[in-house]
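Residue numbers (my numbering), protein chains in the order written: chain A, -1 to 282; chain B, 238 to 638.
If you want it as structure tokens, here you go:
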């Protein structure tokens, strides 16, 4: 009896699980390897080229001058340290704000107001990034709301930390909220039964249980801050971050821009390696 | 460890790409033009029929087909007359223009003086046969064959329009009215925290111009031809200025909004921005040409060395500098037109040409147009101990860091 090609194919796939898996995964894997890792590879590779000083033409001469420059030139060190400081600052501010917020939302608020609070936390994500950054520019500027209420810090590093903390706060609140919501009541009851006061319970029981979520959130706030360059252009005054250095190099000196962009990549990889053992990755 | 796999995969991919690319990369061997001899690119000798389209790189406001305002449209009449459809790519900075022209996918560009020499040296643009551009005849002679649009007497483009980088100040906050750039370079400025400056390496020339006029001992003859010592002096001046700066601007709407809000009180500006602030009516400002003179820009239409549509590109260059169209662009953008007959075609503001000093050559004598710093000094001295644009970029990054 004649079998149609479709049926033969179906039969072949049924008999060979390996073939099935290959057919299923080859497209997404090709995308991951070629488009995603491939572009990173090309980036790394081009960091070893150089450009003609005058015409900005990329010259394909293998050398490590760009990296030597980054290490020896104090300009890059200053900017890299400042960027790291801002990223850490944003992460700390977001952590301090999000812990009580997420705790209240998950454990204290009634279901109805909990839903409203969740909407309120995620609502800023619906608005455009630039709209929010410019809103902060208006508030921080001379004669703006902040200036009128408490005095504005002016445009600079504090303004950048405030604005980025606002932008990335939902990414910290949401994992923490999920962690607090999953906290079993029985654990808290047991702690109370054993005579622990609320602060003791928080420190010894709650915090260790939500720590992975805290770290998961911090990966977002840290890496997003590290790569940002628009916010600092809007509210940063004369401040420069790594992203600005990369942006100013991209059109003129692409290899240098590629070399500089390895710095945040290394910082993030270092951070990820440091938090790997905490088990936070399962919470991402 | 399971979680490390992606990193290992990344490393493996990178290693593969590195080895693969090493064997594949054949260096085209770009040479550094230490002396400045542009690569040999043929000049067009005659024009043929239009190719049906032209790909243009331009500053915002130079190529209007009704995209911003329905009544502002000089592209449609061009297409009707020549059959050349215009494809526009707007560039935000000179660096972006250089990068776009390097792709070889565009036919013509409206380049400022800090981009033109780089394009010429890179072999990205061709010399322009001005005989094929009839409207070139009526362009102001003061704009022809200048150091930023020609090399060795060979023109590389058609002048489009010019403007000065003036000193703008908030008249309520800044008293007495400044008359010198010293107002923005005073390290003990009473306006600390309210200064602004242009966010680009070419702003170093503003500091150099001030030093040229106030510190003759440095021996600066041209703000774009600086020796290493002179560049250092300018960098020091700008580093001292930085603590007083509220923010640098490169996007002109940012300067407009910051003057409106009262964050900026004084700093460098374009005439068009001062007029926009005046139109907003929130603060009172004035823009002056200080006693030292100022830097400025003179834009040039250039034709790509790899133009796919050279005939349409020449048609476009001739059209955009024709008296009536040059007048439209100048009035819409806010700059002095390049065509000497354009003033007869200005429609809305009868004082336009006087306001922009269109034919007041003595006013322009104090304006030093943007030029690309090269090792071969651009002051015409024939010396070759000057700092080049790459050094200016490094210096600017150092100032801002």
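Every residue, glycine too, gets a C-beta built ideally from N, C-alpha and C. For clarity, every value in this text was computed on a predicted model and none was experimentally measured.
- Within the DSSP bridge table, the entry for residue 538/B names 347/B, 395/B as partners.
- Taking the Cβ atoms as the reference, residue 407/B lies roughly 5 Å from residue 502/B, within the contact range of under 8 Å.
- For the 9 Å CB-CB criterion, residue 551/B and residue 397/B do not form a contact.
- Beyond the five residues adjoining it in sequence on each side, residue 636/B comes within less than 7 Å, by CB distance, of 472, 475, 476, 479 in the same chain, given in chain order.
- Comparing alpha carbon positions, the residue from 386/B, 575/B, 324/B closest to residue 348/B is 386/B.
- Burial is judged here by how many other beta carbons sit within 10 angstroms of a residue's own beta carbon; residue 103/A has at least 16 and is buried.
- Apart from the 5 residues on each side of it in sequence, residue 238/A sits with its Cβ closer than 6 Å to the Cβ of 77 in its chain, given in chain order.
- In this chain, residue 567/B is not harboured by any beta strand (DSSP E); it is covered by the alpha helix (DSSP H) spanning 560 to 570.
- For the region 468 to 497 of chain B, the beta-carbon criterion of a distance under 9 Å to any beta-carbon of chain A is satisfied by 479, 480, 482, 483, 484, 485, 487, 488, 491, 494, 495.
- Taking residue 82/A as the centre and dropping the five residues before and after it, the same chain places the C-beta of 265 closer than 7 Å to its C-beta, in chain order.
- When DSSP states are grouped into helix, strand and coil, residue 525/B belongs to the strand group.
- Against residue 317/B, chain A offers no close residue; the least beta-carbon distance is about 35 Å (beta-carbon pairs closer than 8 Å).
- If you check the CB distance, residue 586/B and residue 351/B do not come in under 9 Å.
- Contact annotation for residue 634/B against chain A: 73, 243, 246 [CB-CB distance below 7 Å, chain order].
- Under the Cβ criterion of 9 Å, residue 326/B is not counted among the residues facing chain A.
- Counting only the Cα atoms, residue 242/A lies some 21 Å from residue 40/A.
- Contact annotation: in the region 210 to 236 of chain A, residues whose CB is within less than 7 Å of a CB in chain B are 235, 236.
- About 17 Å separates the Cβ atoms of residue 358/B and residue 279/B, ruling out a contact at the 8 Å cut-off.
- For residue 559/B, not one C-beta of chain A is nearer than 9 Å to its own C-beta.
- A straight line joining the alpha-carbon of residue 571/B with that of residue 304/B spans about 18 Å.
- About 6 Å separates the beta carbons of residue 417/B and residue 529/B, which is inside the 8 Å limit, making them a contact pair.
- The secondary-structure analysis by DSSP pairs residue 289/B with nothing; it has no beta-bridge partner.
- With a threshold of 16 other beta carbon atoms within 10 Å, residue 598/B falls short and is exposed.
- When the beta-carbon positions are compared, residue 532/B and residue 455/B stay at least 9 Å from each other.
- The beta carbon of residue 470/B is closer than 7 Å to those of 448, 455 in its chain, skipping five residues each way along the sequence.
- In the three-state reduction of the DSSP assignment, residue 169/A falls in the helix class, which pools H, G and I.
- The C-alpha of residue 522/B lies about 14 Å from the C-alpha of residue 431/B.
- Collapsing the DSSP output to three states places residue 297/B in coil.
- No Cβ of chain A is located within less than 9 Å of the beta carbon of residue 543/B.
- Annotation: residue 62/A has no Cβ neighbours in chain B at a cutoff of 7 Å; minimum Cβ distance is about 13 Å.
- Where residue 551/B is concerned, the enclosing alpha helix (DSSP H) starts and stops at 547 to 557.
- Excluding sequence positions up to five before and after residue 443/B, its CB lies within less than 8 Å of the CB of 402, 418, 434, 435, 460, 505, 531, 532, all in the same chain and listed in chain order.
- Along the region 461 to 518 of chain B, the alpha helix (DSSP H) occurs as fully enclosed runs of 4 or more residues at 465 to 478, 489 to 498, 508 to 517, listed in sequence order.
- Residues of chain B whose Cβ lies closer than 7 Å to the Cβ of residue 140/A are, in chain order, 498, 499, 500.
- Between residue 65/A and chain B, the shortest Cβ-Cβ separation is not below 9 Å.
- When secondary structure is reduced to three states using DSSP, residue 584/B falls in the coil class, being assigned neither helix nor strand.
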